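Undergrad:
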Amino acid sequence: MSIAKTIEVTASSEKGFDDALKRGIAKAAETLENITGAWVMDQEVKVDKGEIAEYTVRMRLTFILK
Numbered sequence: 035m036s037i038a039k040t041i042e043v044t045a046s047s048e049k050g051f052d053d054a055l056k057r058g059i060a061k062a063a064e065t066l067e068n069i070t071g072a073w074v075m076d077q078e079v080k081v082d083k084g085e086i087a088e089y090t091v092r093m094r095l096t097f098i099l100k
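So the mapping is simple: the numbering used here equals the position in the sequence shown, first residue as 1, plus 34.
(1) Once you ignore the five residues that flank Ala54 on each side, which residues in its own chain have a CB closer than 7 Å to its CB?
(2) Since Leu95 is in the beta strand (DSSP E), which residue starts that stretch and which ends it?
(3) Please work out which residues of its chain come closer than 8 Å, Cβ to Cβ, to Ile86, disregarding the five sequence neighbours upstream and downstream, and give them in chain order.
(4) Does DSSP classify Gly71 as helix, strand or coil?
(5) Grab the span of the alpha helix (DSSP H) containing Lys61 for me, first residue to last.
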């Protein structure tokens, strides 16, 4: 029997949503093992002088407990 846990992670990037998502998962994987999936809950951008300055992704990561 497996037991999974879900945590909420927020990550950002100046490049795009895809990069923010990859950064968040990579950073979480430094301390979590067995990440099995991610659910993107929310996306937003910060705008500075009419230009997108930062992309932010809020996600839930699921991982299997040992």
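Note that the Cβ used here is the ideal one computed from N, Cα and C, for glycine as well. In this text the structure is predicted, and so the values were computed from the model without any measurement.
TA: With the structure as the only source:
(1) Same-chain partners within the cutoff: Ala45, Ser46, Ser47, Tyr89, Thr90 and Val91.
(2) Residues Glu85 to Leu99.
(3) Excluding sequence neighbours, Ile86 sits near Val79 and Lys80.
(4) Three-state DSSP puts Gly71 in a strand.
(5) Counting along the chain, the alpha helix (DSSP H) containing Lys61 begins and ends at Phe51 to Ala63.
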